[in-house]
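Have a look at the structure below, then the notes.
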């Protein structure tokens, strides 16, 4: 402190490993899990309304809410649709690295949220997209490639 300027890398690493520092950081800035966030939204009408304001109407919000919320996020039963939402939240929390190139087969069956998950992994926008619009198997299957 007396000499000012930036700290050495060794000093920073020593502080990062110090238990009191870790405990303090965890107390004031707790780690957030995607499962906790999504369970909080799907289990609390007020939390969902605040997050969905201007995005989803009341009917859409009600359709998303759990009829009987689990006791905790650990006991939640996640659906395939929830997995895509969990991936979106995890991407916002963790900012994972992407790939140089992504290949997607059966792309006509991707939901908009699944498309977002793929896009997050294509760090440089390099994609090979394969599919046949005539072979869509989901209710949200694309009817044109610009829609994907």
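Numbering (the numbering used here), first residue to last: 327 to 474. Note that beta-carbon positions come from the ideal geometry of N, C-alpha and C, so glycine has one too. All values reported here derive from a predicted model rather than from experimental measurement.
For residue j and residue i, believed in contact at Cβ under 8 Å, the rounded distance
| i | j | result |
| --- | --- | --- |
| residue 399 | residue 372 | 17 Å between Cβ atoms; not a contact. |
| residue 449 | residue 424 | 3 Å |
| residue 410 | residue 440 | 6 Å |
Nonlocal neighbours in the same chain, by C-beta distance under 7 Å from residue i, ignoring five residues either side
| i | result |
| --- | --- |
| residue 358 | 419 |
| residue 367 | 373, 374 and 377 |
Separation of residue j from residue i, as counted between CA atoms
| i | j | result |
| --- | --- | --- |
| residue 442 | residue 379 | 21 Å |
| residue 353 | residue 430 | 41 Å |
| residue 338 | residue 422 | 23 Å |
| residue 405 | residue 470 | 27 Å |
Collapsed DSSP secondary structure at residue i in the structure displayed
| i | result |
| --- | --- |
| residue 483 | Given a span of 327 to 474 for the chain in the structure shown, any question on residue 483 remains unanswerable. |
| residue 385 | helix |
| residue 429 | strand |
| residue 448 | strand |
Close-in-space but distant-in-sequence residues of the same chain around residue i (CB under 6 Å, 5 per side omitted)
| i | result |
| --- | --- |
| residue 455 | 430 and 433 |
| residue 307 | Nothing about residue 307 can be read from this structure; the chain reaches only from 327 to 474. |
8 Å CB neighbourhood of residue i in its chain, flanking five on each side removed
| i | result |
| --- | --- |
| residue 464 | 435 and 437 |
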